[in-house]
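**Student:** Here's a structure for you.
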Amino acid sequence: MEGPDEVIHQSTRLRISAILNALGASELMEFSTLKALMGASDGNMATHLTALEKAGYIAVTKDFLGKKPRTRVALTEAGRRAFAKHVAYLKALLDAQ
Amino acid sequence: MQISRDEAAQALADIRDARGRVNQLHGYSDAAPFLILWGLIWLVANSTTQFAPDAANMTWLTGIIAGSVLTVVLATAQARQRGSRDISRHNEASQMGARLGMTQGVVLVFFIGLMAIVWPFDARQFNALISLFWACAYMAAGIWIGMRLFWIGAITTAAILFGYFSLEQYYALWMGLAGGGSLIAGGLWLRRV
């Protein structure tokens, strides 16, 4: 059994990954929507999104909607694979004991 | 890194909760335009019934036909968007229009049967029955999609019953403002995260 993914397992990052993993393959989520779903502060979100981005698990896209700046995030293919592996590990851990 | 059984169970519960939140968000954003559309139709047609009763039948007929067509168009567009996001759902769009059209046909049969059974009735009674049917349908949908939709249906139901039993003369105006208004406000509320 492979070990847990230390980047994903942290509680906030796990929930961020779970939310983004529930989106369609090419779907992006606005930062403000993700923050509202998480009920987290800007600073807390930024810290954990940076950790996920450094691991290559999420992609952050910045653009403009009209004149309004917009930040959107999505799980990368590597992020989806890592999340699936981590979930499989958690399930295996429960089944094994 | 060691993870206990309790931690693993908690993590899986957090993942299920997160997935539920995203499904609810999608459900709300899908339902919002329909509530706004039908709220506008209720507002215009009921106001016409109150202030220009001669034009009421034509306004309702136009509103219901336009609303039904737009409902199919909107639902098909939403299914197409879901299909472009998720390849496993790319066939949904082609089935959505036909299924919605058939569902509207079933509802039409229900109301024709209802009219035949409870005849004779006046326009106010029929308006209240149809409106109550849809408001309760929103409540029922809310039980599955999310409580915001349930409360929109509940408030609309309360408005219909209050208007029917307390505001006989101004029932249509009340239904336009309170019934249509609650659907429009509810649709806008669903668009907020």
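Chains A and B are the protein sequences, given in the same order.
Numbered as in our numbering, the first sequence ends at 153 without a single skipped number.
Numbered as in our numbering, the second sequence ends at 174 without a single skipped number.
We put the beta carbon where it would ideally sit given N, CA and C, even for glycine.
Just so we're clear, the structure is a prediction, and the values are computed from it rather than from any experiment.
1. How far does the beta strand (DSSP E) with VAL116 (chain A) in it extend, from its first residue to its last?
2. Expressed to the nearest angstrom, what Euclidean distance is found between the alpha-carbon atoms of MET128 (chain B) and ILE141 (chain B)?
3. Quick one: Cα of PHE139 (chain A) to Cα of PHE32 (chain B), how far?
4. Determine the burial state of VAL54 (chain B): buried for a count of at least 16 other Cβ atoms within 10 Å of its Cβ, exposed for fewer.
5. Can you give, in chain order, each stretch of the beta strand (DSSP E) that sits fully within the segment 67 to 96 of chain A and has at least 3 residues?
6. Out of curiosity, what's the CA-to-CA distance linking ARG128 (chain A) and ALA134 (chain A)?
7. With H, G and I counted as helix, E and B as strand and the rest as coil, what does DSSP make of VAL174 (chain B)?
8. By how many angstroms is the C-alpha of ILE17 (chain B) removed from the C-alpha of GLY48 (chain B)?
9. The alpha helix (DSSP H) with THR138 (chain B) in it runs from where to where?
10. What are the boundary residues of the beta strand (DSSP E) that includes LEU131 (chain A)?
11. Using a Cβ cut-off of 7 Å, pull out every chain B residue sitting near THR127 (chain A), in sequence order please.
12. Return the CA-CA distance between SER97 (chain A) and PHE114 (chain B), expressed in angstroms with no decimal places.
13. What does the Cβ neighbour count give for THR117 (chain A), buried or exposed, with the cut at 16 atoms within 10 Å?
14. If you pair each beta-carbon of the segment -8 to 7 of chain B with each one of the segment 70 to 82 of chain A, do three or more pairs fall below 8 Å?
15. Please tell me whether ILE133 (chain B) has its Cβ less than 8 Å away from any Cβ of chain A.
16. Here's the rule: buried if 16 or more other CB atoms are within 10 angstroms of the residue's CB, otherwise exposed. What is PHE87 (chain A)?
17. Which residues in chain B have a C-beta closer than 8 Å to the C-beta of LEU105 (chain A)? List them in chain order.
18. Give the single residue among B:LEU164, B:ARG173, B:ARG(-14) and B:VAL174 whose Cα lies nearest to the Cα of ALA152 (chain A).
19. List the residues of chain A whose Cβ lies closer than 7 Å to the Cβ of MET156 (chain B), in chain order.
20. Taking the alpha helix (DSSP H) that MET101 (chain A) falls in, what are its first and last residues?
21. In or out: VAL143 (chain A) buried (at least 16 other Cβ within 10 Å) or exposed?
22. Give the range of the alpha helix (DSSP H) segment to which GLY1 (chain B) is assigned.
23. Mind pulling the alpha helix (DSSP H) runs of 4 or more residues that sit fully within the segment 72 to 130 of chain B?
24. Taking Cβ to Cβ, would you say THR52 (chain B) is nearer than 8 Å to MET77 (chain B)?
25. Could you tell me which chain B residues have their CB closer than 8 Å to the CB of SER133 (chain A), listed as they occur along the chain?
26. For LEU6 (chain B), return the contacting residues in chain A, with the cut-off set at a CB-CB distance below 8 Å.
27. Under 9 Å between beta-carbons, which chain B residues line up against ALA138 (chain A)? List them in chain order, please.
28. Could you tell me the alpha carbon to alpha carbon distance between LEU90 (chain A) and ALA12 (chain B), rounded to whole angstroms?
29. ALA153 (chain B) lies in the alpha helix (DSSP H); which residues open and close that run?
30. Can the beta-carbon of TYR145 (chain B) be found closer than 8 Å to that of ALA109 (chain B)?
**Tutor:** If we stick to the structure as given:
1. Within the first sequence, residue 116 (chain A) is the residue found at index 60, counting from 1. Unbroken beta strand (DSSP E) run through VAL116 (chain A): 114 to 121.
2. Position 147 of the second sequence holds residue 128 (chain B). Position 160 of the second sequence holds residue 141 (chain B). If I take the Cα positions, the gap works out to 20 Å.
3. Here the question's residue 139 (chain A) lines up with position 83 in the first sequence. Here the question's residue 32 (chain B) lines up with position 51 in the second sequence. So the two alpha carbons sit approximately 60 Å from each other.
4. One-based indexing of the second sequence puts residue 54 (chain B) at position 73. Counting Cβ neighbours within 10 Å, VAL54 (chain B) comes out exposed, since fewer than 16 surround it.
5. none
6. Taking the first sequence and counting its residues from 1, the one referred to as residue 128 (chain A) is at position 72. Taking the first sequence and counting its residues from 1, the one referred to as residue 134 (chain A) is at position 78. Distance between the alpha carbons of ARG128 (chain A) and ALA134 (chain A): 18 Å.
7. In the second sequence, residue 174 (chain B) corresponds to position 193, counting from 1. Coil.
8. As a position in the second sequence, residue 48 (chain B) is number 67, starting the count at 1. As a position in the second sequence, residue 17 (chain B) is number 36, starting the count at 1. So the two alpha carbons sit approximately 11 Å from each other.
9. Here residue 138 (chain B) corresponds to residue number 157 of the second sequence, with the count starting at 1. Taken as a continuous stretch (DSSP letters only), the alpha helix (DSSP H) holding THR138 (chain B) covers 128 to 147.
10. By 1-based counting over the first sequence, the position of residue 131 (chain A) is 75. Per DSSP, LEU131 (chain A) belongs to the beta strand (DSSP E) from 124 to 131.
11. In the first sequence, the residue the question calls residue 127 (chain A) occupies position 71. Here the premise fails: no neighbours, minimum Cβ distance about 15 Å.
12. Locating residue 97 (chain A) in the first sequence gives position 41, counting from the first residue. Locating residue 114 (chain B) in the second sequence gives position 133, counting from the first residue. So the two alpha carbons sit approximately 42 Å from each other.
13. On the first sequence, residue 117 (chain A) is found 61 positions in, with the first residue counted as 1. It is exposed - the Cβ of THR117 (chain A) has fewer than 16 other Cβ atoms within 10 Å.
14. yes
15. To locate residue 133 (chain B), count along the second sequence from 1; it is residue 152. Judged by the 8 Å Cβ criterion, ILE133 (chain B) is not in contact with chain A.
16. Looking up residue 87 (chain A) in the first sequence gives position 31. Classification for PHE87 (chain A): buried.
17. The count along the first sequence starts at 1 and reaches residue 105 (chain A) at position 49. The premise fails here: LEU105 (chain A) is roughly 15 Å from chain B at the closest Cβ pair, so nothing lies under 8 Å.
18. Residue numbering aside, residue 152 (chain A) sits at position 96 when the first sequence is read from its first letter. Of B:LEU164, B:ARG173, B:ARG(-14) and B:VAL174, the residue nearest in Cα terms is B:ARG(-14).
19. Translated into the one-based positions of the second sequence, residue 156 (chain B) becomes position 175. Here the premise fails: no neighbours, minimum Cβ distance about 34 Å.
20. Along the first sequence, read from residue 1 onward, the residue named residue 101 (chain A) stands at position 45. MET101 (chain A) -> alpha helix (DSSP H) spans 98 to 110.
21. As a position in the first sequence, residue 143 (chain A) is number 87, starting the count at 1. So VAL143 (chain A) ends up on the buried side.
22. Residue numbering aside, residue 1 (chain B) sits at position 20 when the second sequence is read from its first letter. Counting along the chain, the alpha helix (DSSP H) containing GLY1 (chain B) begins and ends at -14 to 32.
23. 73 to 99 and 104 to 126
24. Working through the second sequence from its first residue, we reach residue 52 (chain B) at position 71. Working through the second sequence from its first residue, we reach residue 77 (chain B) at position 96. No; because the gap between Cβ atoms is not below 8 Å, this pair is not in contact.
25. Mapped onto the first sequence, residue 133 (chain A) falls at position 77. The residue you asked about is not Ser; residue 133 (chain A) is Glu in the sequence shown. What GLU133 (chain A) touches in chain B: nothing, since even the nearest Cβ is about 14 Å away.
26. Counting from one through the second sequence, the residue named residue 6 (chain B) turns up at place 25. Within 8 Å Cβ-Cβ: THR89 and LEU93.
27. As a position in the first sequence, residue 138 (chain A) is number 82, starting the count at 1. Going along chain B, no residue has its Cβ under 9 Å from ALA138 (chain A), so there is no contact; the nearest lies around 13 Å.
28. Mapped onto the first sequence, residue 90 (chain A) falls at position 34. Mapped onto the second sequence, residue 12 (chain B) falls at position 31. Roughly 20 Å separates the two Cα atoms.
29. By one-based count along the second sequence, residue 153 (chain B) stands at place 172. Per DSSP, ALA153 (chain B) belongs to the alpha helix (DSSP H) from 152 to 155.
30. As a first step, residue 145 (chain B) must be located in the second sequence, where it is residue number 164. As a first step, residue 109 (chain B) must be located in the second sequence, where it is residue number 128. Yes.
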